[in-house]
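Accompanying notes for the structure given below.
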Amino acid sequence: MNSRVQLITFLFLLGFAAMFLNFSPRTTQRLQAGLFQILTPFAAHGTDLQRKISSLTQGLQTLEFLEKENEDLKTQVAHLRAENQILKEIERENDHLRTALEFKRRSSFKLIPARILVRDVSLFWSTAIVDRGSEDGVEPQMPVLSEDGLVGKTVNTSKSSTSILLVSDESCKVAAIVEGTNEQGIVSGARNHTKNDPILHLDFLSKQADLKPGQKVYSSGAGGVFPYGILIGTIKSITVRDVDARAEVIPAAALGRLEHVFIANTREGKR
Amino acid sequence: MIIFSFATIIALLIAAGVGLMLPPLDFASGARLLLFHAVFVYGAVVFRFGGAMTFAALSGVIWDLVNLPILDDPQSTELLRPGWSVIFFGCMAAVVNGLRVHVLIEGRWDLHALATGAVILFHFTAEFLYITLLRSSSTPPELSFTVASKIGATALFALLTAPLVYFSLSGVESLCGSPVRERLPFH
Numbered sequence: 017m018n019s020r021v022q023l024i025t026f027l028f029l030l031g032f033a034a035m036f037l038n039f040s041p042r043t044t045q046r047l048q049a050g051l052f053q054i055l056t057p058f059a060a061h062g063t064d065l066q067r068k069i070s071s072l073t074q075g076l077q078t079l080e081f082l083e084k085e086n087e088d089l090k091t092q093v094a095h096l097r098a099e100n101q102i103l104k105e106i107e108r109e110n111d112h113l114r115t116a117l118e119f120k121r122r123s124s125f126k127l128i129p130a131r132i133l134v135r136d137v138s139l140f141w142s143t144a145i146v147d148r149g150s151e152d153g154v155e156p157q158m159p160v161l162s163e164d165g166l167v168g169k170t171v172n173t174s175k176s177s178t179s180i181l182l183v184s185d186e187s188c189k190v191a192a193i194v195e196g197t198n199e200q201g202i203v204s205g206a207r208n209h210t211k212n213d214p215i216l217h218l219d220f221l222s223k224q225a226d227l228k229p230g231q232k233v234y235s236s237g238a239g240g241v242f243p244y245g246i247l248i249g250t251i252k253s254i255t256v257r258d259v260d261a262r263a264e265v266i267p268a269a270a271l272g273r274l275e276h277v278f279i280a281n282t283r284e285g286k287r
Numbered sequence: 006m007i008i009f010s011f012a013t014i015i016a017l018l019i020a021a022g023v024g025l026m027l028p029p030l031d032f033a034s035g036a037r038l039l040l041f042h043a044v045f046v047y048g049a050v051v052f053r054f055g056g057a058m059t060f061a062a063l064s065g066v067i068w069d070l071v072n073l074p075i076l077d078d079p080q081s082t083e084l085l086r087p088g089w090s091v092i093f094f095g096c097m098a099a100v101v102n103g104l105r106v107h108v109l110i111e112g113r114w115d116l117h118a119l120a121t122g123a124v125i126l127f128h129f130t131a132e133f134l135y136i137t138l139l140r141s142s143s144t145p146p147e148l149s150f151t152v153a154s155k156i157g158a159t160a161l162f163a164l165l166t167a168p169l170v171y172f173s174l175s176g177v178e179s180l181c182g183s184p185v186r187e188r189l190p191f192h
């Protein structure tokens, strides 16, 4: 094949890439959902396999029904802890509102339990795939929680699976408020941390912010995706910069060891 | 040839699925065990230039759809646009295609493994630099030890597992009547 033909072929490839780059996000999401529909069974089998290997190495390989019962109980405990977490947040919010001598009704939401099929799909994106999809009422841009706190948000759904952008990803931004103060900022992931030791950044704090390590950071409700009062993490350190201050935040949820999460259906309006 | 072409495309999908199945290797800074690039390199070597380009386009599409988070948010400028991997895999296929005589006729599986490791190194380094440029948070980009070891370990694991892919696909190629090698010059 002469070089001119090779060049033309390569130009065709560039043309195809340009066309693909110009697809609308919705079109690409549909393509992605279709592909995940094919690949999800792989992931589900992989997760089952990992669990089996894990239980074998820990000497906990028991009868199948005991394992299943244990799994169900774990899900129930996690569900109850997540509900408890939300109730605590409601109590905290109630106190806050009473103090401010105003009352506004909290919008409640339904929790959809989901199992993590795949975590950290790629090297540089903190993402995961769960076993609940549009058939279960999951839609893009819904908050995802664990019993400990905020996990992330849904990005794309297929019929039976959903990809989640974790709060430890740099592109997942959450409007946040610091416990006991009026300090507000934006929480996002830090790029260079390992998956087992993720650190979040709370940016755009005022330079005069009187914050201390150990203070809790909650979602402020601004932006519409994450409701008010979900625990994001705890402040580790504070750095004052030229025009603002930045706090390092340890996420409340164990993002590197997630097994079960809850997708908050904030659009249904009932618990 | 058509059967073998389909077989390589299915192998690509299986490799993408296996990539999802295998968990990140936490002891190696969260590196991943990937077979996808080894299948891509084999396809880029085994097909003629036009076929290699088509295979590269398909590889780029599958890779981006499986790996990139796609937000339906016009204000989000920090995410890679799906499609950039098509260009990357195209460039890599153009280079790797030059190895076809060595890899196919001389049976240099070691070259295939080395090319797989190199493609992964280039791919993830380029992806990291691209993300850094998009987010323009630091100049020059902070290629920390964590990131470097994650990329390096992923490339190393892919290099070590590439012979498995090479001999599996060679077997499939033989089953399909080995039509590719017969068409090569000097054969």
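Chains as they are written, first to last, in the working numbering: chain Y, 17 to 287; chain B, 6 to 192. Where is the CB? At the ideal position from N, CA and C, for every residue including glycine.
Residues of chain B whose Cβ lies closer than 7 Å to the Cβ of F242 (chain Y) do not exist; the shortest such Cβ separation is about 14 Å. For F58 (chain Y), the nearest beta carbon of chain B is closer than 8 Å to its own beta carbon.
A distance of 8 Å or more separates the beta carbons of E195 (chain Y) and Q101 (chain Y). Between V137 (chain Y) and L39 (chain B), the alpha-carbon positions lie close to 11 Å from each other. Contact holds between the stretch 23 to 38 of chain Y and the stretch 90 to 100 of chain B, because three or more Cβ pairs, one in each stretch, are under 8 Å apart.
Under the 8 Å criterion on CB atoms, I15 (chain B) is classed as non-interfacial with respect to chain Y. Counting along the chain, R20 (chain Y) sits inside the alpha helix (DSSP H) bounded by residues 19 to 37.
In this chain, the alpha helix (DSSP H) harbouring G65 (chain B) covers 54 to 72. Taking a C-beta cut-off of 8 Å against chain B, the contacting residues of the stretch 141 to 155 of chain Y are W141, T143, I145, listed in chain order. Contacts with chain B at 8 Å (Cβ-Cβ) include D136 (chain Y).
Scanning B:L161, B:A160, B:G55 for the CA closest to the CA of C96 (chain B) turns up B:G55. Here L271 (chain Y) has L182, S184, P214 as same chain residues with Cβ atoms under 6 Å from its own Cβ, once five neighbours each way along the sequence are excluded. For E275 (chain Y), the three-state secondary structure derived from DSSP is coil.
Contact between G165 (chain Y) and P267 (chain Y) holds: CB atoms are separated by about 7 Å, below the 8 Å threshold. Interface with chain Y (8 Å Cβ-Cβ cutoff): I75 (chain B) is included. Annotation: L29 (chain Y) to A62 (chain B) spans about 7 Å, alpha carbon to alpha carbon. Sorting Y:H95, Y:S187, Y:L55, Y:L23 by C-alpha distance to the C-alpha of H276 (chain Y) places Y:H95 at the top. Against chain B, the CB of S176 (chain Y) has no partner CB under 8 Å away; the residue lies outside that interface. With fewer than 16 other CB atoms across the displayed protein chains lying within 10 angstroms of its CB, V259 (chain Y) is exposed. Looking at the DSSP output, K232 (chain Y) sits in a beta bridge with Y:T250.
Cβ neighbours of M58 (chain B) within its own chain (closer than 8 Å, five residues either side excluded): G95, A98, A99.
With a beta-carbon spacing of about 6 Å, A192 (chain Y) and I248 (chain Y) fall inside the 8 Å limit used to define contacts. The Cβ atoms of T197 (chain Y) and I279 (chain Y) lie no closer than 8 Å to each other.
Burial check for N18 (chain Y): the Cβ neighbour count within 10 Å stays below 16, so the residue is exposed. Taking 8 Å as the cut-off, the Cβ atoms of I254 (chain Y) and L227 (chain Y) count as close. Chain B places no beta carbon closer than 8 Å to that of P214 (chain Y), leaving this residue out of the contacts.
DSSP places F242 (chain Y) outside both helix and strand once states are collapsed to three, so it counts as coil. With contacts defined by Cβ atoms closer than 8 Å, L133 (chain Y) and V154 (chain Y) do not form a contacting pair. DSSP places R113 (chain B) outside both helix and strand once states are collapsed to three, so it counts as coil. Going by C-alpha positions, T91 (chain Y) is about 48 Å away from V51 (chain B). Judged by beta-carbon spacing, T159 (chain B) lies within the 8 Å limit of A36 (chain B), meaning their Cβ atoms are closer than that value. By the C-beta density criterion, G103 (chain B) is exposed, having fewer than 16 other C-beta atoms within 10 angstroms. Annotated as proximal: G230 (chain Y) and T250 (chain Y), with beta-carbon spacing under 8 Å.
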